[in-house]
Amino acid sequence: MNIPIEIERFLSSGLSASRQIDIGFEIFEFPDLGGVMKFQEGYRINGVTKERETSWPENWVVFGCSNSDPLIYNTDDGTVMFGRHGAGTWKPVTLFSSIAEMSACLMALSDVVLDADDHLYDADFNIKPRYVDAMKRAVSELMGDEQGNVIIESFEITSY
5 MNIPIEIERF LSSGLSASRQ IDIGFEIFEF PDLGGVMKFQ EGYRINGVTK ERETSWPENW
65 VVFGCSNSDP LIYNTDDGTV MFGRHGAGTW KPVTLFSSIA EMSACLMALS DVVLDADDHL
125 YDADFNIKPR YVDAMKRAVS ELMGDEQGNV IIESFEITSY
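Count the sequence shown with my numbering and you get residues 5 to 164, in order.
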């Protein structure tokens, strides 16, 4: 498998040394360029047998994840999808029209987390409603209300 140039650019950009982006409700992890093939295990590649999973579309490349829920780059159209594991079949939702759009959105969410600092969580370790609202605003301002709502729902950005 060739790594798409868009993934190469993103993974070679300004990711932190931890290779993580914390958006409060999810912590996304990203491999370095040498680890992209390893990130395919459990999706494109069977993690035990190391054989190709025929049910995984050829045009899907995993380049990040949160708790094994993958961010998938669609090589056919450059979109970024997000899927929840454990449903029996993969039905990822298209969230972003490009990796650049995804990056901008994740960074806007991460900025809310960083700005909140020690005040992000309440005593029950739930994100405080004012920060949930700030996250929702940030997503909607970047993505528009309709696509913003799809992202908010997919990342489960909600008050508890």
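From the three backbone atoms N, C-alpha and C, an ideal C-beta is built for every residue, glycine too.
Compute the beta-carbon to beta-carbon distance between residue i and residue j, rounded to the nearest angstrom, for a pair I have assumed lies under 8 Å.
{"i": "residue 109", "j": "residue 143", "result": "6 Å"}
{"i": "residue 161", "j": "residue 139", "result": "5 Å"}
{"i": "residue 101", "j": "residue 83", "result": "6 Å"}
Within 10 Å of its beta-carbon, does residue i have 16 or more other beta-carbons around it, so buried, or fewer, so exposed?
{"i": "residue 55", "result": "exposed"}
{"i": "residue 11", "result": "buried"}
{"i": "residue 152", "result": "buried"}
{"i": "residue 133", "result": "exposed"}
Alpha carbon to alpha carbon, how far is residue j from residue i? Give it in angstroms, no decimals.
{"i": "residue 25", "j": "residue 39", "result": "17 Å"}
{"i": "residue 120", "j": "residue 23", "result": "21 Å"}
{"i": "residue 89", "j": "residue 123", "result": "31 Å"}
{"i": "residue 41", "j": "residue 107", "result": "21 Å"}
{"i": "residue 28", "j": "residue 127", "result": "15 Å"}
{"i": "residue 21", "j": "residue 68", "result": "15 Å"}
{"i": "residue 112", "j": "residue 145", "result": "10 Å"}
{"i": "residue 149", "j": "residue 64", "result": "27 Å"}
{"i": "residue 96", "j": "residue 105", "result": "17 Å"}
{"i": "residue 156", "j": "residue 70", "result": "15 Å"}
{"i": "residue 62", "j": "residue 99", "result": "19 Å"}
{"i": "residue 5", "j": "residue 131", "result": "39 Å"}
{"i": "residue 31", "j": "residue 129", "result": "15 Å"}
{"i": "residue 17", "j": "residue 103", "result": "12 Å"}
{"i": "residue 73", "j": "residue 7", "result": "20 Å"}
{"i": "residue 92", "j": "residue 14", "result": "30 Å"}
Using CA atoms only, rank isn't needed, just tell me which of the options is closest to residue i.
{"i": "residue 137", "options": "19, 117, 50, 105", "result": "117"}
{"i": "residue 19", "options": "7, 8, 37", "result": "37"}
What is the residue span of the beta strand (DSSP E) that residue i lies within?
{"i": "residue 135", "result": "Counting along the chain, residue 135 falls outside any beta strand (DSSP E), though it belongs to the alpha helix (DSSP H) covering 133-147."}
{"i": "residue 14", "result": "Not the beta strand (DSSP E): residue 14 falls in the alpha helix (DSSP H), residues 9-15."}
{"i": "residue 60", "result": "Careful: residue 60 lies outside any beta strand (DSSP E) and carries neither H nor E."}
{"i": "residue 31", "result": "31-33"}
{"i": "residue 78", "result": "73-78"}
{"i": "residue 86", "result": "84-86"}
{"i": "residue 3", "result": "What the structure shows of the chain is the stretch from 5 to 164, and residue 3 is not part of that stretch, so it cannot be assessed."}
{"i": "residue 98", "result": "97-100"}
What first and last residue would you give for the alpha helix (DSSP H) that runs through residue i?
{"i": "residue 114", "result": "103-120"}
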